[in-house]
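Take the sequence shown: its position 45, counted from the start at 1, is 45 in the working numbering, and no numbers get skipped.
Note that CB positions come from ideal geometry on N, CA and C, so glycine has one too.
Taking it in order: structure first as structure tokens, then the write-up.
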Amino acid sequence: MRKFFALAIGLLAAAGLGAQTTQPILRLETGMHAAAGKALGIDAAGKYLLTTSDDRTARLWDAATGRQLRVFRVPAEGSTEGKLYAGTLSADGRLAIVGGQTGYAW
Numbered sequence: 001m002r003k004f005f006a007l008a009i010g011l012l013a014a015a016g017l018g019a020q021t022t023q024p025i026l027r028l029e030t031g032m033h034a035a036a037g038k039a040l041g042i043d044a045a046g047k048y049l050l051t052t053s054d055d056r057t058a059r060l061w062d063a064a065t066g067r068q069l070r071v072f073r074v075p076a077e078g079s080t081e082g083k084l085y086a087g088t089l090s091a092d093g094r095l096a097i098v099g100g101q102t103g104y105a106w
């Protein structure tokens, strides 16, 4: 029964997958979000902040200085594919977890 359930979940997940575009997408790096922010996550020590946005990026910041440390980009296509609605950091700040609109496996 467990194998059947796992297979059913796998098939349902695969049914939503599509081919990603091969066309390049021009993105200008402004050093900040270029669209509305959606979520803010912070690690337990208060050292790092993670922000997500409709601009299809998650950004990691140093909480003490406000300096941007890293930009995470997700596959994007169409008007909503890749928009990020949620984000958080693990308690130790080593993992960033984001959620948004996507039909692709990445």
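Check                                                                                                     : Outcome
Secondary structure of G46, DSSP reduced to three states                                                  : coil
Extent of the continuous beta strand (DSSP E) run through D62                                             : 57-62
Paired residues, beta bridge with S53 - DSSP                                                              : G37
Exposure label - A58; buried when at least 16 CB within 10 Å                                              : buried
D43, buried or exposed, once every other Cβ within 10 Å from all chains shown has been counted against 16 : buried
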